[in-house]
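*Asks:*
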Ligand code: UDP
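Residue numbers (our numbering): 1 to 234.
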């Protein structure tokens, strides 16, 4: 296997599938099965899941809600997704732990770095919910920082698109896909792969990212077996 410990970032939006809002359970089922498959190969798996399918803080002000309040609502949305994913993984008999960026004692444990690492070593799939527990961050930044903290080998960013393109492939017909990019190239070309905070954290800590299509079954397995899928940023 190419990696020992990975951090898988799933966007909340990807969970919507064809729906306009919320969670498509068939997608959670598919994701969980794929996660289980790689976990069974002995990979230590940590997961960060977004909340954009339910709520995004940035949209708060438009609806008369204070931005910071909105961000906390967004973090709660990530917890809802995390709990749904945890349930689906457990249905497949995976051992899991959900750790939250802020305290929600009745639901899950708080994020404690050493505990997270211990869970991973013991073969538990660890989900980091509630982002970093602070407003003005995103779940991409959460993925980068948590990956650094737990010393993951790579951030695997699962999206609806199969990599990084020079233009939005959902809008521009002849958009060109990159197979590999250095962090500097991505900066120079002004490609939006993650937000700047997330991206800079990865760059400064030499943590590679792979952007890939999570909706294509088997992609995750191919990645951990070392096959070239999606776009590698290093
Ligand atoms: N959020 C936050 N701090 C964090 C992580 C998330 O304030 O550390 C909020 C923020 O409002 C964000 C929302 O939670 O818009 C949902 O996360 P995100 O937009 O990253 O989800 P995704 O786009 O991956 O679905």
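Cβ atoms here follow ideal geometry from the backbone N, Cα and C, with glycine treated the same way. Given the structure is predicted, the values throughout are model-derived calculations rather than measurements.
When DSSP labels each residue in this structure, what does residue 91 get in the three-state scheme?
*Replies:* Here residue 91 sits in helix by DSSP.
*Asks:* To test your reading of the DSSP string, which unbroken beta strand (DSSP E) runs of 3 or more residues are found completely within the stretch 184-231?
*Replies:* Whole beta strand (DSSP E) segments, 3+ residues: 209-213.
*Asks:* Taking the DSSP output, what are the residues bridged to residue 165?
*Replies:* Answer by DSSP bridge pairing, in chain order: 177.
*Asks:* With DSSP run on the structure shown, which of helix, strand or coil describes residue 57?
*Replies:* DSSP places residue 57 in helix when its eight states are reduced to three.
*Asks:* Curious, which full-length beta strand (DSSP E) runs of at least 3 residues does the stretch 97-161 contain?
*Replies:* Listed in chain order, they are 125-129 and 154-159.
*Asks:* Could you tell me the boundaries of the alpha helix (DSSP H) in which residue 23 lies?
*Replies:* That residue, residue 23, is in no alpha helix (DSSP H); it is neither H nor E in DSSP.
*Asks:* Kindly list the residues whose CB is nearer than 7 Å to the CB of residue 2, restricted to its own chain and excluding five residues on each side of it in sequence; keep chain order.
*Replies:* Answer for residue 2: 224, 225 and 226, listed in chain order.
*Asks:* Given a threshold of 16 other Cβ atoms within 10 Å of its Cβ, counted over all protein chains shown, does residue 75 qualify as buried or as exposed?
*Replies:* So residue 75 counts as buried.
*Asks:* Here's the rule: buried if 16 or more other CB atoms are within 10 angstroms of the residue's CB, otherwise exposed. What is residue 88?
*Replies:* Under this definition residue 88 is a buried residue.
*Asks:* Is it the case that the CB of residue 83 approaches a heavy atom of the ligand UDP more closely than 6 Å?
*Replies:* Flag unset: Cβ of residue 83 not near the ligand UDP.
*Asks:* Any idea which residues DSSP pairs residue 8 with across the strands?
*Replies:* Paired residues: 47 and 156.
*Asks:* Grab me the residues of residue 111's own chain with a C-beta within less than 8 Å of its C-beta, minus the 5 sequence neighbours each way, in chain order.
*Replies:* Answer for residue 111: 99, 100, 101, 128, 133 and 146, listed in chain order.
*Asks:* Use the C-beta contact count for residue 121: other C-beta atoms within 10 angstroms, 16 or more gives buried, fewer gives exposed.
*Replies:* Counting Cβ neighbours within 10 Å, residue 121 comes out exposed, since fewer than 16 surround it.
*Asks:* Is there contact between the stretch 11-31 and the stretch 206-220, where contact requires at least three CB pairs shorter than 8 Å?
*Replies:* Result yes; three or more Cβ-Cβ pairs closer than 8 Å.
*Asks:* Put residue 65 into one of helix, strand or coil per three-state DSSP.
*Replies:* Three-state DSSP puts residue 65 in coil, outside helix and strand.
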